[in-house]
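Peer 1: Next up is a structure, given as structure tokens.
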Amino acid sequence: MKLSDVKKLHQKKYRTQFGFYLVEGEHLVLELLKAIRQDVNFNTISNETLSIYVTNEYEVWLEHALSQEAALESEQSKISPNERVPAVKVERLTSIQMQQLSDTKSPQGIIARVPLKTASSNKDINSVSDESANSQLNQQRYIYLYEVQDPGNLGTILRTLAWFGNFKLLLSPNSVDPFNSKVVRASMGAIFHVDMELNVALEDLASRFSQFAYLDMHGDEIKSHHFGNFQCYLFGNEARGVPTEEIARLNATAFTITGSGKIDSLNLASAVNICTYELSQ
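Using numbering that gives the first Met the number 0, the first residue of the sequence shown is number 0, and each one after it goes up by one.
Dropping the structure here:
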């Protein structure tokens, strides 16, 4: 893939066209390498699909990181590090080329080009699999975000879902792209560990789930014993929430997060964080 095309991956239309997104910086690349070792979502990744671009300053750092991950993989799978199939193609860039590729003012000198499908259970990121959903209903809880717009909110939510585990994220059409560089950075690598489906229409949820919960100022307290009895938890757009007519159509049950009463709303990410904590107890 030409470097000029890689730079285009900062735009959503080219991420969709080429099937890759960019991950920049030490921490995110380390999280990516860890995910490749740990997560079945990455089991078909190869050096033809994953590339890491480095400057001279980061070449030794990357070699050390790769050798550490190879040793850990060898220990876990009982195979020799020499038998491990290389999963990373390393491409060296000048500092000027790195600055041109990066979307930050002071790039660290390391950027990975990652296949999109690795962030969604190794399936087409724009598809919704009823079979997959039905087989996992008893293992996962589903968090549905309706037209979330703020990259920081989505990144924070991804971190929370990765922290607690056992959650699958469903994103509606017209939501911020999770592969937007701001979301990827805000997720601090959690995007590699959260199962996601994109472009899941609100009106299609009824065919997949029978029990829904959502937040409202006049609902039951989320500490209620039955808060954890639902299949899908709905969270709305930061400004507009979830359309009331869809709430009614889905016959969703209202819950509330009790506060001091001094303010009348919570940040979306904060609300999701509190709810997922309660669901994980």
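The C-beta atom is built at its ideal place from N, Cα and C for all residues, glycine as well.
Are residue 110 and residue 100 closer than 8 angstroms when you measure CB to CB?
Peer 2: Yes, the pair counts as a contact, with Cβ atoms nearer than the cut-off.
Peer 1: May I ask you to report which of helix, strand or coil DSSP gives residue 89?
Peer 2: Residue state, collapsed to three classes: strand.
Peer 1: Answer with buried or exposed for residue 285, where buried requires no fewer than 16 other C-beta atoms within 10 angstroms of its C-beta.
Peer 2: Summary: the structure shown does not reach residue 285, with the chain confined to residues 0 through 280, and so no result is reported for it.
Peer 1: Between the Cα of residue 242 and the Cα atoms of 171, 279, 167, which residue gives the shortest distance?
Peer 2: Of 171, 279, 167, the residue nearest in Cα terms is 171.
Peer 1: Between the region 151 to 162 and the region 178 to 189, do three or more beta carbon pairs fall short of 8 angstroms?
Peer 2: In short, these stretches touch, since the Cβ pair count reaches three.
Peer 1: Hey, is residue 1's beta-carbon within less than 8 angstroms of any beta-carbon in chain C?
Peer 2: Of the protein chains in the structure, only one exists, and it is not chain C.
Peer 1: Decide if residue 194 is buried, meaning its Cβ has at least 16 other Cβ atoms within 10 Å, or exposed.
Peer 2: Under this definition residue 194 is a buried residue.
Peer 1: Pairing CB atoms from the region 227 to 247 with CB atoms from the region 205 to 216, are three or more of them under 8 angstroms?
Peer 2: Yes, they touch.
Peer 1: Whose C-beta lies closer than 6 angstroms to the C-beta of residue 178 among residues of the same chain, with five residues either side of it excluded?
Peer 2: Closer than 6 angstroms at the Cβ level, and outside the excluded window around residue 178, lie 14, 20.
Peer 1: Taking the DSSP output, what are the residues bridged to residue 313?
Peer 2: For residue 313 there is no data in the structure shown, the boundaries of the chain being 0 and 280.
Peer 1: Leaving out five residues on either side along the sequence, give the residues of the same chain with a beta carbon under 6 angstroms from the beta carbon of residue 9.
Peer 2: Around residue 9: 102.
Peer 1: Please classify residue 248: does DSSP put it in a helix, a strand, or coil?
Peer 2: DSSP places residue 248 in helix when its eight states are reduced to three.
Peer 1: Whole angstroms are fine: how far does the CA of residue 200 sit from the CA of residue 90?
Peer 2: Their backbone Cα atoms lie some 39 angstroms apart in a straight line.
Peer 1: List the whole-angstrom C-beta distance separating residue 230 from residue 141, where the pair is believed to meet the contact cut-off of C-beta under 8 angstroms.
Peer 2: Right, the Cβ-Cβ distance comes to about 6 angstroms (below 8 angstroms), so this counts as a contact.
Peer 1: Determine which residues share a DSSP beta bridge with residue 194 and list them.
Peer 2: Answer is 167, bridged to residue 194.
Peer 1: Are the beta-carbon atoms of residue 267 and residue 147 separated by less than 8 angstroms?
Peer 2: Yes, they are a contact pair.
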